[in-house]
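Engineer: Here it is, the structure, as structure tokens.
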Amino acid sequence: MTILYSRNTIGLALAIFGAVLLTPDTLFMRLSELDGFSMLVWRGGLSGIAYILIWIWFSLRVERRIPNIFTANFGVIVLCQMLNATLFSLAISIAPVTVVLIGVATVPIFAAILSRIILGEALSKLTIITAVLVMIGLYISVLGQENSEIELGATTLPGAALGLGVAFSLAMNFTIIRKDKDVPFVLAIAIGAFMAAGLGALCSEALYWPPLGNIAAIALTGIIILPVSFVTLSYAARFVSSSTVSLIMLLETVLGPLWVWWGIGEVPTDSMLVGGTIVVICLTGFLIQEGRRKAKYNS
4 MTILYSRNTI
14 GLALAIFGAV
24 LLTPDTLFMR
34 LSELDGFSML
44 VWRGGLSGIA
54 YILIWIWFSL
64 RVERRIPNIF
74 TANFGVIVLC
84 QMLNATLFSL
94 AISIAPVTVV
104 LIGVATVPIF
114 AAILSRIILG
124 EALSKLTIIT
134 AVLVMIGLYI
144 SVLGQENSEI
154 ELGATTLPGA
164 ALGLGVAFSL
174 AMNFTIIRKD
184 KDVPFVLAIA
194 IGAFMAAGLG
204 ALCSEALYWP
214 PLGNIAAIAL
224 TGIIILPVSF
234 VTLSYAARFV
244 SSSTVSLIML
254 LETVLGPLWV
264 WWGIGEVPTD
274 SMLVGGTIVV
284 ICLTGFLIQE
294 GRRKAKYNS
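Count along the sequence shown from 1, add 3, and you get the number used in our numbering.
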């Protein structure tokens, strides 16, 4: 019982740390001032290098074993990472951010479905209620923005579809990592990041060397924020359900705009603040109740 309780505590702590670390990612993406494919090249390449270094450290100094990469689960994680990075960049470049965020915010729903199908994990009532309330908060945040009339069209529909693709790939990534405890997922994520960068290089009209300030911004997110947060979130999926990790990860959706507000002065609307507050309160209550439930179970 104590072991199960400790694993749950470790998982929640890792997920919270990874989600909070990811929150300023959007700010530094904006500060880099790069277009979609250039962003994909730099973020994919730099994060791929960081993932490789993290994997070398863990595999050689901690696990001390040669990983088996010739498995279906390894290939699925590689594909999920490539799709996640690629689809997000494409979505942001062609569609309103509001539409993309609505699609990406469905990560917990996909995680719950995939966990049920692949792992046979049943959802608790607490998780279901929290997911519903969080979705309401997110919709208030992104749909209630001033001057953000959303109409179906040639850009919004593909943008929403790409956002859903990002959500599905993230949910599948966490679910497979939870299913297969032996898969070298950090190495798989690194390969997926490099593949996304290569795709960006092929599709970009012109590759160029950005100014020093722009490089510093993209380097910070590519080398530190993105890899450390995603590795931490992925490790969290080995200790708690992928739906729980996905819920906590949504902190980035509501706290990210606050970083942008602080960094470049884009003031969030009242609806963003109200919706974000709902999400934070719901997630805080969920974590407190989850901790109490585990503690009661442990006793």
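Heads up, the beta-carbon is just placed ideally off N, CA and C, and yes, glycines get one too.
Just so it is clear, the structure is predicted and the values come from calculations on it, not from any experiment.
1. Could you give the first and the last residue of the continuous alpha helix (DSSP H) run that contains S118?
2. Could you check where the alpha helix (DSSP H) with E236 kicks off and where it finishes?
3. Terminal residues of the continuous alpha helix (DSSP H) containing W58?
4. Go ahead and pull the three-state DSSP assignment for L253.
5. Could you check which residue in A219, S274, S172, I120 has the C-alpha nearest to that of L86?
6. What is the DSSP secondary structure of V270, reduced to helix, strand or coil?
7. Here's the rule: buried if 16 or more other CB atoms are within 10 angstroms of the residue's CB, otherwise exposed. What is S249?
8. If you follow the alpha helix (DSSP H) that N217 is part of, which residue opens it and which one closes it?
9. Below 8 angstroms on the Cβ atoms is my contact criterion, and I expect L93 with S232 to pass it. Report the Cβ-Cβ distance as a whole number of Å.
10. Inspect the CB distances between the segment 46 to 66 and the segment 240 to 249 and report whether three or more fall short of 8 angstroms.
11. Can you check which of these residues, N76, G168, T133, I121, is closest to V103 by C-alpha distance?
12. Go ahead and label Y211 buried or exposed: buried means 16 or more other beta carbons lie within 10 angstroms of its beta carbon, across all protein chains shown.
13. If contacts are defined as beta-carbon pairs under 8 angstroms, then A18 and L236 qualify, I think. What distance do you get, rounded to the angstrom?
14. Which two residues bound the contiguous alpha helix (DSSP H) that contains D183?
15. Identify which residue in L261, A53, A75 has its Cα closest to the Cα of D185.
16. Go ahead and pull the three-state DSSP assignment for T74.
17. Once DSSP output is grouped into helix, strand and coil, what is the label at Y142?
18. Measure the alpha-carbon distance for S151 versus I131 and round it to whole angstroms.
19. For V107, tell me which candidate among Q292, Y142, I121 has the shortest Cα-Cα distance.
20. Express the C-alpha separation of D273 and W58 in angstroms, rounding to a whole number.
21. Of the choices E208, L34, F77, whose alpha-carbon is the least far from that of I221?
22. Run through DSSP, which three-state label would P111 get?
23. Does the beta-carbon distance from G279 to S127 come in below 8 angstroms?
24. Buried or exposed for L15, going by 16 or more other Cβ atoms inside 10 Å?
25. Mind checking which residues open and close the alpha helix (DSSP H) that includes G195?
26. Would you say V282 and V257 are within 8 angstroms of each other, going by their C-beta atoms?
27. Where does P161 sit, in a helix, a strand or coil, going by DSSP?
28. Does DSSP put A88 in a helix, in a strand, or in coil?
29. Which of helix, strand or coil does DSSP assign to L126?
30. Just how far apart, CA to CA, sit I179 and V79?
31. Go through its chain and collect everything with a Cβ distance to P230's Cβ below 6 angstroms, but skip five positions before and after it.
32. If I measure Cβ to Cβ from E149 and keep anything under 6 angstroms in the same chain, skipping five residues before and after, which residues do I get?
Structural biologist: Quick look at the numbers:
1. From DSSP, S118 is part of no alpha helix (DSSP H); its letter is neither H nor E.
2. According to the sequence displayed, residue 236 carries Leu and not Glu. Run containing L236: 229 to 239, per the alpha helix (DSSP H) assignment.
3. 39 to 59
4. L253 sits in coil when the DSSP states are folded into three classes, being neither helix nor strand.
5. When each option's Cα is compared against that of L86, the closest is S172.
6. Coil at V270, not helix or strand.
7. Label assigned to S249: buried.
8. 215 to 222
9. Contact doesn't hold; Cβ gap of about 21 angstroms is too wide.
10. no
11. G168
12. Under the 10 Å beta carbon count, Y211 is surrounded by fewer than 16 other beta carbons and is classified as exposed.
13. Indeed they touch by this definition, with Cβ atoms about 6 angstroms apart.
14. It is not in any alpha helix (DSSP H) - D183 carries neither H nor E in the DSSP assignment.
15. A75
16. coil
17. helix
18. With a pLDDT of 49 at S151, under the threshold of 50, the predicted position of this residue should be treated as unreliable, though the coordinate-derived value follows. When only Cα atoms are considered, S151 and I131 end up about 29 angstroms apart.
19. Y142
20. Their Cα atoms are separated by approximately 42 angstroms.
21. L34
22. Residue state for P111 is assigned as helix, using DSSP reduced to three classes.
23. no
24. buried
25. 188 to 206
26. yes
27. Helix at P161.
28. helix
29. coil
30. 8 angstroms
31. S50, A53, Y54
32. Residue placement at E149 is flagged as unreliable, the pLDDT there being 49, under the threshold of 50; a coordinate-derived value is accordingly withheld.
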